[in-house]
Amino acid sequence: MTPLAGYLLVAALLFSIGLAGALTRRNAILVLIGIELMLNAANLNLIAFWRYGPHPEALTGMMFAIFSIAVAAAEAAVGLGLVISIHRHAKTTDLDQMNRMKG
Amino acid sequence: MSLVFYIITALTVAGGLASMVLKNTVHCALALTVAFAGLALFFLNLDAQFAGFVQILVYIGAVAILVVFAILLTKGSETPKGGVFSRTWLAGLAVAAAVFAVLGWAILHTAPMLPGASHAPTATVLQIGQALIGRYVLPLEIVAVLLTAALIGAVIVAMHEKEGAK
Amino acid sequence: MIDSLDQIFVLLQHWLVNFLPASWQGAASVLINAAAIVCVFPALFAVAVWLERKGLGRMQNRLGPNRVGPYGLLQPIADGIKSLTKEDIVPLSADAAVHFLAPVLLVVTAFMGFAVLPMGRNMVLVDLDAGLLFYFAMGASTELAVFMAGWSSRNKYSLLGAMRAVAQMISYEVVLLLSSVVVVMMAGSLSLTKIVEAQNHYSWGFPHWYIFTPWGLAGFVMYAIAATAETNRSPFDLPEGESELVAGYHTEYSGFKFALFFLGEYVAMFSISGLGTTLFLGGWSAPFSFLTWVPSWIWFFSKLMLSIFVFIWMRGTLPRLRQDQLMNFAWKFVLPMCLLNLMVAAVWRFMGDGWLRWVVCSAILLVAYVGVGLTELRKKHIGPRSYRYAE
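Residue numbers (the numbering used here), protein chains in the order written: chain A, 332 to 434; chain B, 11 to 176; chain C, 163 to 553.
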């Protein structure tokens, strides 16, 4: 098994752990944590392919990963702001109780 | 596959698992920080120094603290009465296991076709800077606008409504 | 002879490493350097503790400690023995694992910053290409340790102190980064050794340190403000204000863990002063060209101790800032000045050599300082008090 396959497997494992958490946890913030874990797994994929791919001097993978980190930080900020706002309104962050569109 | 790779894998996967399984939300956030640190070590192992340091600075230094603040502001550190996993947890677990099975099969099936070990590329900060201003200037400017929009948006979404002070 | 005195520690390290077989020499040299850092800076910490207590005492018109040794010189040893032998009390409802790990994380990340500081000619532990970025990454991790300490104590005062400390550290982290970016822009590299090399030139005997330029002076002042706030020193020490919050986020720590917090705070102070001297004061370069015969590490450590003395001086002189005052100050005054400083540095670079660029850049900075100060920091009208209840 090549090193690249090893990194890709670890990234797939982290992605599925994040997905499992995002789909099974009740607290909205933990769903966001799962999403962050998935984004990180994708970044690992990008950097691994950059390192072992055909043209590492073009820096494409590294650039993509850096932009992905920036976008993920912005998304975390907005998502957590939304969770705080919903908590202020519904007094709970339990996703099982937020099953109606009406406020 | 060296020993260093296995150690970092163990650290990261343990952190990821702990962040999804633990009952106390703040412990989950701290385990997520361990996972972020493990990923930064992966990046350093892959000779992507700049990406590794940016990962520590942005994720551990900002996103983790943001998550922790959000947990504190929404009283997330109290364990809920109905348990921490939702009613449909089995379906979610099955979906995640299926996704991992498909991805794992795809990787192992194409493993002989993947490129093997190669010499380490040099990605100096000078080259990254020149790439950012040269080839990737449009994504850079768009990310700048996006970050500004996210900043203003997050502040507006989370701000108290001005219904008058009591 | 002068050259070998300058390189005496490097030669000592090579001599020690030569005893080992060739395959171990790389790891051994790094380990010896790291061990040297871990020994030297806690020793400096002891000196700084004594200096602080004596200095503060004299500034407050009293003698400092003077019983333990001649002029109280053995006081740090007495303090060390006290903190090692005190009982380590952990509250019953505290989160034991996080409570234990918080001081450890703080000290580890505080020491990691020294890995990229050039303490003399050829005396840097790791010459990273992105050295400054590594330093700031380690500084950002310190905030998480502060939060962990405050939250795990299950104490309202600790939590409040930790939240205030983290809010303050995040705000001033932005200022710290922006005021360092000016130096990176002008030196053309994130590597700290190259930044020192860029300042190591002399014209008419005077050095080309960045503090002697208008944008460098403004940057240094803002860096100093941000450094004081990052390490929670007076006048920004509301998070550990002894009169408001018991002891802030380290209320529930006693014995050795408290000593670790104390060590972590002082070591962070040393490393941020070290970075400040590297970025603005020329690192290990001598102040005048006829003084270059003095070893480079003496200059670095003298500038470091001078910065520590200024920190102690500020603590003894200035009153504490309130939380909203310090946040206002950071976001509404220092941050716009930082952004303006970036523009002024660009103007400096593109105007070419001559006296005109000094005049133009200084004029822009002074007008902005007076203008922003007059509009943002004027006395606000205090109306009747309004309350906002927590939900």
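Think of the CB as a built atom: it goes at the ideal place given N, C-alpha and C, for glycine as much as any other residue.
For this session: Spell out the partners DSSP gives residue 232 (chain C) in its beta bridges.
Result: Translated into positions along the third sequence, residue 232 (chain C) becomes position 70. According to DSSP, residue 232 (chain C) bridges with nothing at all.
Exercise. Which chain B residues are close to residue 305 (chain C), counting only those with a beta carbon under 8 Å from its beta carbon?
Worked result: Numbered from its first residue, the third sequence carries residue 305 (chain C) at position 143. Under the 8 Å cutoff, chain B gives 71, 75.
For this session: Give a single yes or no on whether residue 501 (chain C) has its beta carbon closer than 8 Å to a heavy atom of the ligand FAD.
Result: The ligand FAD is absent from the structure shown, which contains no ligands of any kind.
For this session: Can you give me the Cβ contacts of residue 187 (chain C) inside the same chain, cut-off strictly under 7 Å, excluding the 5 residues immediately before and after it?
Result: The residue given as residue 187 (chain C) occupies position 25 in the third sequence. The residues are 179.
For this session: Closer than 9 Å, Cβ to Cβ, to anything on chain C: give me those residues from the stretch 52-66 of chain B, in chain order.
Result: 59, 60, 62, 63, 64, 65, 66
For this session: Assign residue 358 (chain A) to one of three DSSP states: helix, strand, or coil.
Result: Residue mapping note: residue 358 (chain A) aligns to position 27 of the first sequence, counting from 1. Three-state result, residue 358 (chain A): strand.
Exercise. Can you find a C-beta in chain B that's less than 9 Å from the C-beta of residue 351 (chain C)?
Worked result: By one-based count along the third sequence, residue 351 (chain C) stands at place 189. Judged by the 9 Å Cβ criterion, residue 351 (chain C) is in contact with chain B.
Exercise. What is the DSSP secondary structure of residue 398 (chain C), counted as helix, strand or coil?
Worked result: Along the third sequence, one-based indexing puts residue 398 (chain C) at 236. In this structure, residue 398 (chain C) counts as coil in the three-state DSSP scheme.
Exercise. What's the C-alpha gap between residue 523 (chain C) and residue 164 (chain B)?
Worked result: Walking along the third sequence from the start, residue 523 (chain C) turns up at place 361. Walking along the second sequence from the start, residue 164 (chain B) turns up at place 154. So the two alpha carbons sit approximately 36 Å from each other.
Exercise. Which chain B residues sit within Cβ distance under 8 Å of residue 310 (chain C)?
Worked result: Here the question's residue 310 (chain C) lines up with position 148 in the third sequence. Here the neighbours are 40.
For this session: Output the distance between the C-alpha atoms of residue 227 (chain C) and residue 454 (chain C), rounded to the nearest integer angstrom.
Result: The residue given as residue 227 (chain C) occupies position 65 in the third sequence. The residue given as residue 454 (chain C) occupies position 292 in the third sequence. Computed Cα separation, rounded: 38 Å.
For this session: Would you identify the three-state DSSP class for residue 364 (chain C), choosing helix, strand or coil?
Result: Translated into positions along the third sequence, residue 364 (chain C) becomes position 202. Three-state DSSP puts residue 364 (chain C) in a strand.
For this session: Using beta-carbon positions only, say whether residue 391 (chain C) and residue 398 (chain C) come within less than 9 Å of one another.
Result: The sequence position of residue 391 (chain C) within the third sequence is 229, counting from 1. The sequence position of residue 398 (chain C) within the third sequence is 236, counting from 1. Contact: yes.
Problem set entry | Complete alpha helix (DSSP H) runs within the stretch 99-169 of chain B (minimum length 4 residues, chain order) | 99-119, 135-143, 147-168
Exercise. Since residue 360 (chain A) and residue 35 (chain B) are thought to touch, with beta carbons under 8 Å apart, how far apart are those beta carbons, to the nearest angstrom?
Worked result: Position 29 of the first sequence, counted from the start, is the residue given in the question as residue 360 (chain A). Position 25 of the second sequence, counted from the start, is the residue given in the question as residue 35 (chain B). Rounded, the Cβ-Cβ distance is 6 Å, consistent with contact.
Problem set entry | Cutoff 9 Å: residue 292 (chain C) Cβ touching any chain B Cβ | Mapped onto the third sequence, residue 292 (chain C) falls at position 130. Closer than 9 Å to some Cβ of chain B, the Cβ of residue 292 (chain C) qualifies, so yes.
Exercise. According to a CB-to-CB cut-off of less than 9 Å, which residues of the stretch 250-272 of chain C neighbour chain B?
Worked result: 257, 259, 260, 263
Problem set entry | alpha helix (DSSP H) runs wholly inside the stretch 501-546 of chain C, at least 4 long, in chain order | 517-538
For this session: Spatial neighbours of residue 177 (chain C) within its chain, please: CB distance less than 6 Å, with the 5 preceding and 5 following residues excluded, ordered by chain position.
Result: Against the third sequence, residue 177 (chain C) aligns to sequence position 15. Here the set comprises nothing.
Problem set entry | Residues near residue 264 (chain C) in its chain [Cβ-Cβ closer than 7 Å; skip 5 each side] | Position 102 of the third sequence, counted from the start, is the residue given in the question as residue 264 (chain C). Same-chain partners within the cutoff: 307, 310, 311, 314.
Problem set entry | Contact belief for residue 478 (chain C) with residue 225 (chain C) at Cβ below 8 Å, rounded distance in angstroms | Locating residue 478 (chain C) in the third sequence gives position 316, where the first residue counts as 1. Locating residue 225 (chain C) in the third sequence gives position 63, where the first residue counts as 1. With 8 Å as the limit, residue 478 (chain C) and residue 225 (chain C) do not qualify as a contact, their Cβ atoms being about 14 Å apart.
Exercise. Would residue 210 (chain C) pass as a contact of residue 432 (chain C) if the rule is Cβ separation under 9 Å?
Worked result: The residue given as residue 210 (chain C) occupies position 48 in the third sequence. The residue given as residue 432 (chain C) occupies position 270 in the third sequence. Yes, they are a contact pair.
Problem set entry | Boundaries (first-last residue) of the alpha helix (DSSP H) holding residue 195 (chain C) | Working through the third sequence from its first residue, we reach residue 195 (chain C) at position 33. Residues 187-221.
Exercise. Counting contacts by CB-CB distance shorter than 9 Å, is residue 47 (chain B) in contact with chain A?
Worked result: Position 37 of the second sequence, counted from the start, is the residue given in the question as residue 47 (chain B). No, no contact with chain A.
Exercise. What does residue 387 (chain A) pair with, by DSSP beta-bridge criteria?
Worked result: For the purposes of this step, residue 387 (chain A) is identified with residue 56 of the first sequence, where counting begins at 1. Paired residues: none, contrary to the question.
Problem set entry | Supposed contact pair residue 348 (chain C) and residue 507 (chain C) - C-beta distance, whole angstroms, cut 8 Å | Along the third sequence, read from residue 1 onward, the residue named residue 507 (chain C) stands at position 345. Along the third sequence, read from residue 1 onward, the residue named residue 348 (chain C) stands at position 186. About 6 Å separates the two Cβ atoms, so the contact holds.
Exercise. Count the other CB atoms within 10 Å of the CB of residue 151 (chain B); is the residue buried (16 or more) or exposed (fewer)?
Worked result: Here residue 151 (chain B) is taken as the residue at index 141 of the second sequence, counted from 1. Its Cβ having fewer than 16 others within 10 Å, residue 151 (chain B) is exposed.
For this session: For residue 430 (chain A), go through chain B and note every residue whose CB falls closer than 9 Å to its CB, in chain order.
Result: Working through the first sequence from its first residue, we reach residue 430 (chain A) at position 99. Those do not exist, as residue 430 (chain A) stays about 11 Å from chain B at its closest Cβ, beyond 9 Å.
Exercise. Is DSSP giving residue 116 (chain C) helix, strand or coil here?
Worked result: Not covered by the structure: residue 116 (chain C). The range shown for chain C is 163 to 553.
Problem set entry | Which of helix, strand or coil DSSP assigns to residue 265 (chain C) | As a first step, residue 265 (chain C) is located in the third sequence; it is residue number 103 there, counting from the start. Note: residue 265 (chain C) maps to helix in three-state DSSP.
Problem set entry | Exposure label - residue 388 (chain A); buried when at least 16 CB within 10 Å | In the first sequence, counting from the first residue as 1, residue 388 (chain A) sits at position 57. Per the 10 Å Cβ criterion, exposed.
Problem set entry | Of the listed residues A:426, A:421, A:368, A:410, nearest to residue 29 (chain B) (C-alpha basis) | Numbered from its first residue, the second sequence carries residue 29 (chain B) at position 19. Considering only alpha carbons, the answer is A:368.
For this session: Give a yes or no on whether the minimum CB-CB distance between residue 364 (chain A) and chain B is below 9 Å.
Result: By 1-based counting over the first sequence, the position of residue 364 (chain A) is 33. Chain B, which has a Cβ nearer than 9 Å to the Cβ of residue 364 (chain A), makes this yes.
Exercise. Hey, does residue 138 (chain B) have any beta-carbon neighbour from chain A nearer than 9 Å?
Worked result: The residue labelled residue 138 (chain B) in the question sits at position 128 within the second sequence. Closer than 9 Å to some Cβ of chain A, the Cβ of residue 138 (chain B) qualifies, so yes.
Problem set entry | Under 7 Å by beta carbon: chain C residues contacting residue 147 (chain B) | Taking the second sequence and counting its residues from 1, the one referred to as residue 147 (chain B) is at position 137. What residue 147 (chain B) touches in chain C: nothing, since even the nearest Cβ is about 17 Å away.
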